[in-house]
Amino acid sequence: MASISNNELGNIAEMTPVTNKRRRKKSMVWEHFTVETVGSGCTRACCKQCKQTFAYSTGSKLAGTSHLKRHIAMGSCPKIKNLDKKQITSYTPASSKTCMSGSTSNTPAKRRYQIEMECIAIYEKEKEQLVQLLGALPGRIGLTLSLWTSRQTLGYMCLTGHFIDDDWKVHRRMLNFMNVSSPHTEMALSDAIGACLSDWNMKTRLFTVTIDNSRSSHDLYSANLRDHLSCNSSLMLGGHLFFVRCYAHILSTVAQEALEAIHDVIYNVRESIKYIKSSPSREEKFCEIAEQLQIMNAKTLLSLDVQNHWNTTYLMLVGALELKHAFASLELSEAYYNEAPSMDDWKRVEIVCTHLRHLHDSAKLISSIANPTANIYFHEAWKIHFELSNAAAAEENLANGMSDMKV
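Written as structure tokens, this is what we have:
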């Protein structure tokens, strides 16, 4: 066989065409987008409605279609006004189609638009029934408002109605779940809430609106919405009791005030736990010291908190209190460990935990009830106020600061 030189191999390589075959686009999202070339090896997806472009591919790297689906399905496209009639764009895998066809062999598969229309029909039917139920109520309706922002910086609002029927049964129904602009501005939220209330025809039936613990949202838009709804004088007492803060937010505010008073001790406790848990040998040594001091379950008591959740910080301090002598012994035997709180620091922690226990028990009780009523809230708030007032009368500096806050 004749040998082939390196030059001939190079010529063959140059003559061989390089194929970069990409698979056919199967996602339904391409009904709303086109692909445009913007440069060498770079393409972007262009929305057919608003002409906004999105990243699609750079060289051999594809950006996927999730962000394109969000643009259409979440109402981000300004050209799509009626979200209830938008086309369903989720992709149905072939495996799901095979499973459905096998389970319903005698029933012809429905087209996507048929499923869409059936879903909308069910929604309209259920909504009409709920409108009739709300219209026949003997009393008023309380609302709760929840706000949050997703990892994709998309803002959402959930509006839930709470009411009592003729049989004195408490009901809780989700009224609206919608996309709102983020950050949640005063005007955007007021307009969104007002539109929801008009849609349900309940502007004259409102009792209160309870806002979640998202920052200072109460101060941002409560006055604006209250004034907007007070135009027809339908709010009780002129709207003075219309907006109510979330009970969990109140407990969190009081608890954070207490924890701030011992932030230096909390730092030492947190760093001590991190130091011990950073090495299995250290943790084993610490547990042996605790056993010598007749402290059982040291590994369970040694828990690290989530810094923005006050209840976990409380549980961390409660467990650390039982291990205070073990921390002191570890500091004597470990040359590199010097974060153990002093006995005076532990006394401060004990005082704080005594007061936080009432808040923690109250939050645990309220969260365990599916539909907590006003009498339960009042009793829990009264107990906390009673305990803090007694502590303030005993001239405890920390309790004085906590009792000054409105529970």
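Under the UniProt record's numbering, the first residue of the sequence shown carries the number 1, and numbering increases by one thereafter.
All C-beta atoms in this analysis are idealised placements derived from N, C-alpha and C, irrespective of residue type, glycine included.
Here the structure is a predicted model, which is why all the values come from computation and not from measurement.
For residue i, the first and last residue of its enclosing alpha helix (DSSP H)
i, result
"Ile384", "Ala374 to Ala393"
"Phe286", "Pro280 to Gln292"
"Phe327", "Lys324 to Ser333"
"Gly135", "Arg112 to Gly135"
"Arg245", "It is not in any alpha helix (DSSP H) - Arg245 instead sits in the beta strand (DSSP E) that spans Phe243 to Arg245."
"Thr354", "Met343 to Ser367"
"Ala298", "Ala298 to Leu301"
Those residues which DSSP pairs with residue i across a bridge
i, result
"Ser146", "Cys158"
"Ile141", "Leu206"
"Gly194", "Its beta-bridge partners do not exist; DSSP assigns none."
"Glu36", "Arg44"
"Ile211", "Leu145 and Arg245"
"Ile164", "Val170"
"Leu62", "Ser57"
Nearest-angstrom Cα separation, counted from residue j out to residue i
i, j, result
"Leu330", "Cys353", "23 Å"
"Ile88", "Arg112", "Confidence in Ile88 is poor, its pLDDT being 44 and thus under 50, which makes the residue's placement too unreliable to answer from."
"His358", "Tyr377", "13 Å"
"Glu379", "His360", "Reading off the sequence, residue 379 comes out as His, not Glu. Computed Cα separation, rounded: 15 Å."
"Lys169", "Thr65", "46 Å"
"Thr37", "Arg70", "22 Å"
"Leu302", "Phe286", "10 Å"
"Gly39", "Met28", "26 Å"
"Trp310", "Thr373", "24 Å"
"Ala255", "Arg140", "33 Å"
"Gly135", "Met187", "28 Å"
"Gly194", "Gly155", "17 Å"
"Ser278", "Leu304", "12 Å"
"Ala394", "Leu235", "42 Å"
"Leu259", "Gln307", "11 Å"
"Asp191", "Thr312", "37 Å"
"residue 424", "Ser252", "Outside the displayed range of the chain (1 to 407) lies residue 424, so it cannot be described from this structure."
"Ala320", "Val269", "7 Å"
"His162", "Ile366", "16 Å"
"Asn390", "Lys364", "23 Å"
"Ile120", "Glu126", "10 Å"
"Pro280", "Leu189", "50 Å"
Assigned exposure category for residue i - 16 Cβ within 10 Å defines buried
i, result
"Trp382", "exposed"
"Ile115", "exposed"
"Trp148", "exposed"
"residue 408", "In the structure displayed, the chain extends from 1 to 407; residue 408 sits before or after that span and is not available."
"Glu284", "exposed"
"Met316", "buried"
"Arg172", "exposed"
"Tyr56", "buried"
"Cys47", "buried"
"Ile211", "buried"
"Lys274", "exposed"
"Tyr267", "exposed"
"Met117", "exposed"
"Ser272", "buried"
"Ile289", "buried"
"Leu388", "buried"
"His263", "exposed"
"Ser362", "buried"
"Gly59", "exposed"
"Ala340", "buried"
"Ile72", "buried"
"Val35", "exposed"
The beta strand (DSSP E) enclosing residue i, as first and last residue numbers
i, result
"Met174", "Val170 to Val180"
"Ser272", "Counting along the chain, Ser272 falls outside any beta strand (DSSP E), though it belongs to the alpha helix (DSSP H) covering His263 to Lys277."
"Ser57", "Thr53 to Thr58"
Member of the options whose CA lies at the smallest distance from the CA of residue i
i, options, result
"Asp165", "His67, Leu130 and Asp191", "Leu130"
"Lys51", "Ser367, Leu68, Lys61 and Ser60", "Leu68"
"Tyr247", "Ala63, Leu175, Leu388 and Ile384", "Ile384"
"Val180", "Thr153, Val349 and His162", "Thr153"
"Glu322", "Ser333, Asn308 and Glu350", "Glu350"
"Tyr337", "Ala363, Arg348 and Ile276", "Ile276"
"Leu356", "Leu301, Ile250 and Arg245", "Ile250"
"Cys158", "Leu175, Arg151 and Asp167", "Leu175"
"Phe243", "Phe207, Gln256 and Thr58", "Phe207"
"Glu124", "Asn375, Phe54, Asp199 and Leu62", "Asp199"
"Ala261", "Asp345, Gln49 and Gln132", "Asp345"
"Leu62", "Asn297, Thr43 and Ser368", "Thr43"
"Met178", "Ala45, Cys196 and Gly161", "Cys196"
"Leu293", "Asn308, Val265 and Ala328", "Ala328"
"Leu145", "Asn201, Arg245, Gln132 and Ile120", "Arg245"
"Lys347", "Lys324, Leu332, Ala335 and Ile369", "Lys324"
Closer than 8 Å to chain E by CB, residue i
i, result
"Leu304", "As a matter of chain content, chain E is missing from the structure shown, which is built from one protein chain."
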